[in-house]
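A.B. asks: Mind looking over this structure? Questions follow.
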Amino acid sequence: MTVNSIIAKKRDRRALSIEEIRFMINAYCEGQIPDYQMSAFLMAAYLCGMDSRETAALTQVMLDSGRRIDLADIHGVKIDKHSTGGVGDKVSLILAPLMAAAGIKVPMISGRSLGHTGGTLDKLESIPGFRTQLTADQFHDQVRDIGVAMMGQSDDIVPADKKIYSLRDSTATIASIPLITASILSKKLAEGVDGLVMDVKTGRGAFMAEPEQAEALARSIIRTAALHHLPTVALITDMSQPLGFAAGNWLEVREVLQALQGHGPEDLMLLTYALGVQMLFLSGFQGTTREAAGTLQRILTGGAALQLFFRMVAAQGGDVSALQDPGSHHRTLLEQHIRAGASGFIAEADALKIGEAVLHLGGGRKHLGDVIDPGVGVVLHKKTGDAVQKGEILAVIHANQAGRAKEVFPVVRGAFKITPEAVKKPKLILKIIRSSKTSA
Ligand code: URA
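Counting with the working numbering, you get residues 3 to 442 for the letters of the sequence shown.
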């Protein structure tokens with residue numbers, strides 16, 4: 003077995019054995035294979051695909067590259083939610099404490115922003131003092147004591163993914179169904195969860211822009227998870243426009259606080275409850291979808307989820323007083339209003355353009371390792387389907403550099419399309435897919 007022969011086999015569309023995949027991944031992690039050979043392998047996998055057995059094998063090999071968190075001694079069902087990434091997607095910050103308040107243990111290992119998509123860790127780190135690097139013991143104890151912990155991937159959890167993801171980022175091999183499947187599931191399996199709910203995004207602002215691609219990814223994740231005995235449900239959801247109104251780290255935390263006080267935007271809450279309902283079902287909840295959603299709504303409006311969020315923030319070193327007075331933190335130097343040039347209806351509020359604007363303002367990361375400006379972003383005042391009068395505000399840009407604000411102005415303005423005819427609001431939840439073994 004040689005590196006050359008494995009690359010050639012994949013290039014020729016032949017299926018690799020688990021031994022070949024293990025040889026390749028381990029040798030790369032140990033520094034025995036240069037980046038150019040791994041890049042060729044990744045591109046061959048990207049172009050030629052991998053079947054279910056190879057995808058499951060790649061997941062296993064990546065999982066085996068590091069340690070697993072053992073949560074088996076913690077009483078209760080442990081369930082995580084993971085999104086494939088979008089713009090304004092702050093669901094995890096609401097859902098994780100909400101589900102913990104509902105009695106489910108939520109051990110959540112999240113990612114950073116990359117390209118135009120935001121990342122849960124960057125939103126959390128905009129809270130002064132918040133630590134996203136926990137030891138496995140701290141993570142374990144916090145899940146046991148509070149019911150929820152949210153952290154970044156440490157060096158010893160799936161190190162193969164860390165190394166390969168950064169190479170994929172610079173070799174245009176991110177958007178590959180088997181590579182995404184193995185990357186996500188290896189991390190989720192390392193967390194020691196009993197079930198997983200996936201939010202697979204589709205639309206302009208998603209990695210998988212076409213619904214068919216998103217469904218293929220969801221089915222690949224569910225199939226691979228089933229081979230690893232992890233009950234998983236996937237929702238295919240719309241990411242043609244940002245979720246909620248705010249896009250940008252601290253601006254999103256502010257929206258999360260409103261949501262946890264019962265005043266969240268309609269689409270954000272709809273998706274949060276829909277994902278939460280599936281988490282409840284995976285935990286064994288016996289009842290209808292309406293009953294499950296009602297249970298979660300009562301918990302949230304009663305304030306328990308907000309209190310749990312504060313407890314989690316405090317446990318991870320965050321300054322809870324900043325959350326009680328969010329307007330006085332991360333204020334940006336500039337605010338620019340984008341106004342409607344005509345009356346009509348919003349036909350489009352393009353998530354990709356808004357995400358790119360946030361990235362250019364400094365709210366995202368063009369390359370892994372870039373430093374983020376937590377305060378900047380875009381707040382939408384209008385979304386697809388809304389009526390608008392000429393001169394009304396469509397969005398506000400929050401910036402710290404005048405040059406950047408000027409550059410993104412046409413991008414944000416170009417994100418909005420106004421038509422004279424009424425426009426239907428896009429359907430948010432397009433499909434729910436479960437493996438045959440998961441109930442509900
Ligand atoms: N998120 C991940 O964790 N991995 C991918 O490959 C893509 C999105």
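We put the beta carbon where it would ideally sit given N, CA and C, even for glycine.
Remember, predicted model here, so these are calculated numbers, not experimental data.
Could you tell me the distance, in whole angstroms, from the CA atom of P422 to the CA atom of G346?
C.D. replies: Here the question's residue 422 lines up with position 420 in the sequence shown. Here the question's residue 346 lines up with position 344 in the sequence shown. So the two alpha carbons sit approximately 5 Å from each other.
A.B. asks: Just mark H84 as buried or exposed, buried being the case when its beta carbon has 16 or more other beta carbons within 10 Å.
C.D. replies: Translated into the one-based positions of the sequence shown, residue 84 becomes position 82. The residue is buried, with at least 16 neighbouring Cβ atoms inside 10 Å.
A.B. asks: Taking its Cβ as the centre, do 16 or more other Cβ atoms sit within 10 Å of P180, making it buried, or is it exposed?
C.D. replies: Position 178 of the sequence shown holds residue 180. P180 should be labelled buried.
A.B. asks: Closer than 7 Å by C-beta to L354: which residues in its own chain qualify, once you throw out the five before and the five after it? Chain order, please.
C.D. replies: Along the sequence shown, read from residue 1 onward, the residue named residue 354 stands at position 352. Counting only Cβ-Cβ distances below 7 Å, and skipping sequence neighbours, we find H118, R206, G207.
A.B. asks: Which residues have their C-beta within less than 5 Å of a heavy atom of the ligand URA, listed in chain order?
C.D. replies: I182, S185, I186
A.B. asks: Whole angstroms are fine: how far does the CA of P36 sit from the CA of T173?
C.D. replies: Start at 1 with the first residue of the sequence shown, and residue 173 comes out as number 171. Start at 1 with the first residue of the sequence shown, and residue 36 comes out as number 34. So the two alpha carbons sit approximately 14 Å from each other.
A.B. asks: Which of the three DSSP states, helix, strand or coil, is assigned to A127?
C.D. replies: Mapped onto the sequence shown, residue 127 falls at position 125. Sequence check: residue 127 is Glu here, not Ala. Three-state DSSP puts E127 in a helix.
A.B. asks: Compare the beta carbon distance of G377 and G131 with 8 Å and say whether it is the shorter of the two.
C.D. replies: Working through the sequence shown from its first residue, we reach residue 377 at position 375. Working through the sequence shown from its first residue, we reach residue 131 at position 129. Contact flag unset, no.
A.B. asks: Have a look at I81, D72, H231 and flag the residue whose alpha-carbon is nearest the alpha-carbon of D139.
C.D. replies: If you number the sequence shown from 1, residue 139 lands on position 137. The residue with the shortest Cα to Cα distance from D139 is D72.
A.B. asks: How many Å lie between L136 and D82 at the Cα?
C.D. replies: For this step, residue 136 is matched to residue 134 along the sequence shown. For this step, residue 82 is matched to residue 80 along the sequence shown. Their Cα atoms are separated by approximately 17 Å.
A.B. asks: Counting only the same chain and skipping the five closest in sequence on each side, list residues whose C-beta sits under 6 Å from that of T104.
C.D. replies: By one-based count along the sequence shown, residue 104 stands at place 102. One point to set straight first is that residue 104 is Ala, not Thr, in the sequence displayed. Within the same chain, A104 has close Cβ partners I301.
A.B. asks: Tell me, which residues are paired with H339 by DSSP?
C.D. replies: Walking along the sequence shown from the start, residue 339 turns up at place 337. DSSP, once it has assigned bridges, lists V398 as partnering H339.
A.B. asks: For D201, report the span of its alpha helix (DSSP H) as first-last.
C.D. replies: The residue labelled residue 201 in the question sits at position 199 within the sequence shown. Here D201 belongs to no alpha helix (DSSP H); instead the beta strand (DSSP E) covers 197-204.
A.B. asks: Less than 8 Å between the CB atoms is what I'm expecting for R406 and L361, so what's the real figure, rounded?
C.D. replies: Position 404 of the sequence shown, counted from the first residue, corresponds to residue 406. Position 359 of the sequence shown, counted from the first residue, corresponds to residue 361. R406 to L361, Cβ: 10 Å. No contact.
A.B. asks: Express the C-alpha separation of L298 and A307 in angstroms, rounding to a whole number.
C.D. replies: Taking the first residue of the sequence shown as 1, we reach residue 307 at position 305. Taking the first residue of the sequence shown as 1, we reach residue 298 at position 296. A307 and L298: Cα-Cα distance of roughly 9 Å.
A.B. asks: Just the C-alpha distance for V414 and A397, rounded to the nearest angstrom, thanks.
C.D. replies: Translated into positions along the sequence shown, residue 414 becomes position 412. Translated into positions along the sequence shown, residue 397 becomes position 395. Approximately 8 Å, taken between the alpha carbons.
A.B. asks: Indicate the three-state DSSP secondary structure (helix, strand or coil) for S112 in the structure shown.
C.D. replies: Numbered from its first residue, the sequence shown carries residue 112 at position 110. Correct three-state label for S112: strand.
A.B. asks: Do the region 196-205 and the region 230-246 make contact, defined as three or more Cβ pairs closer than 8 Å?
C.D. replies: yes
A.B. asks: If you draw a straight line from the C-alpha of A351 to the C-alpha of L232, how long is it?
C.D. replies: Along the sequence shown, read from residue 1 onward, the residue named residue 351 stands at position 349. Along the sequence shown, read from residue 1 onward, the residue named residue 232 stands at position 230. Their backbone Cα atoms lie some 36 Å apart in a straight line.
A.B. asks: Spatial neighbours of F141 within its chain, please: CB distance less than 7 Å, with the 5 preceding and 5 following residues excluded, ordered by chain position.
C.D. replies: Mapped onto the sequence shown, residue 141 falls at position 139. Counting only Cβ-Cβ distances below 7 Å, and skipping sequence neighbours, we find I71, P109, A151, M153.
A.B. asks: Taking the continuous alpha helix (DSSP H) assigned at F312, which residues delimit it?
C.D. replies: Locating residue 312 in the sequence shown gives position 310, counting from the first residue. 306-317 is the extent of the alpha helix (DSSP H) around F312.
A.B. asks: Can you round the beta-carbon distance between A324 and Q144 to whole angstroms, since I take them to be within the 8 Å contact cut?
C.D. replies: In the sequence shown, residue 324 corresponds to position 322, counting from 1. In the sequence shown, residue 144 corresponds to position 142, counting from 1. Rounded, the Cβ-Cβ distance is 20 Å, inconsistent with contact.
A.B. asks: Return the CA-CA distance between D88 and P244, expressed in angstroms with no decimal places.
C.D. replies: Here the question's residue 88 lines up with position 86 in the sequence shown. Here the question's residue 244 lines up with position 242 in the sequence shown. Here residue 88 turns out to be Gly, not Asp, going by the sequence shown. Those two C-alpha atoms are separated by around 7 Å.
A.B. asks: Ordered along the chain, which non-local residues of its own chain (more than five positions away) have a Cβ less than 6 Å from that of I27?
C.D. replies: For the purposes of this step, residue 27 is taken as the residue at position 25 of the sequence shown. By the criterion of a C-beta distance shorter than 6 Å, I27 is surrounded in its chain by V63, A162, once the five residues flanking it on both sides are discounted.
A.B. asks: Taking DSSP's pairing of strands, which residues face V390 in a bridge?
C.D. replies: Taking the first residue of the sequence shown as position 1, residue 390 is located at position 388. DSSP, once it has assigned bridges, lists G346 as partnering V390.
A.B. asks: May I have a chain-ordered list of the alpha helix (DSSP H) segments no shorter than 4 residues that lie completely inside the region 4-73?
C.D. replies: Runs of the alpha helix (DSSP H) inside the region 4-73: 5-13, 20-31, 37-50, 54-66.
A.B. asks: Could you work out which residue in E254, D269, A236 is closest to L284 when comparing CA atoms only?
C.D. replies: As a working mapping, residue 284 is identified with position 282 in the sequence shown. That would be A236, whose Cα lies nearest to the Cα of L284.
A.B. asks: Just grab the DSSP bridge partners of A351 for me.
C.D. replies: The residue labelled residue 351 in the question sits at position 349 within the sequence shown. In the DSSP output, where bridge partners are listed per residue, A351 has F418.
A.B. asks: So what's S285 in DSSP terms, helix, strand or just coil?
C.D. replies: For the purposes of this step, residue 285 is taken as residue 283 along the sequence shown, with counting starting at 1. Coil at S285, not helix or strand.
A.B. asks: Under 8 Å, do L60 and I23 count as touching if we go by C-beta distance?
C.D. replies: Along the sequence shown, read from residue 1 onward, the residue named residue 60 stands at position 58. Along the sequence shown, read from residue 1 onward, the residue named residue 23 stands at position 21. A contact, by the Cβ cut-off of 8 Å.
A.B. asks: Could you give the DSSP three-state label for L97: helix, strand or coil?
C.D. replies: Walking along the sequence shown from the start, residue 97 turns up at place 95. Helix.
A.B. asks: Is the beta carbon of I9 less than 8 Å from the beta carbon of A42?
C.D. replies: Taking the sequence shown and counting its residues from 1, the one referred to as residue 9 is at position 7. Taking the sequence shown and counting its residues from 1, the one referred to as residue 42 is at position 40. The answer is yes: Cβ separation under 8 Å.
A.B. asks: Can you give the beta carbon distance from I348 to K384, rounded, assuming they're within the 8 Å contact cut?
C.D. replies: Taking the first residue of the sequence shown as 1, we reach residue 348 at position 346. Taking the first residue of the sequence shown as 1, we reach residue 384 at position 382. The beta-carbon distance between I348 and K384, rounded to whole angstroms, is 5 Å. This is short enough to meet the 8 Å contact definition.
A.B. asks: DSSP state of T134, grouped into three classes?
C.D. replies: Here residue 134 refers to the residue found at position 132 of the sequence shown. In this structure, T134 counts as coil in the three-state DSSP scheme.
A.B. asks: So which of T86, V199, F311, L126 has the shortest CA-CA distance to Q215?
C.D. replies: Sequence index remark: in the sequence shown, residue 215 carries index 213 (1-based). When each option's Cα is compared against that of Q215, the closest is T86.
A.B. asks: With burial defined as no fewer than 16 other Cβ atoms inside 10 Å of the residue's Cβ, what is the status of L335: buried or exposed?
C.D. replies: Start at 1 with the first residue of the sequence shown, and residue 335 comes out as number 333. By the neighbour-count rule (16 or more Cβ atoms within 10 Å), L335 is not buried but exposed.
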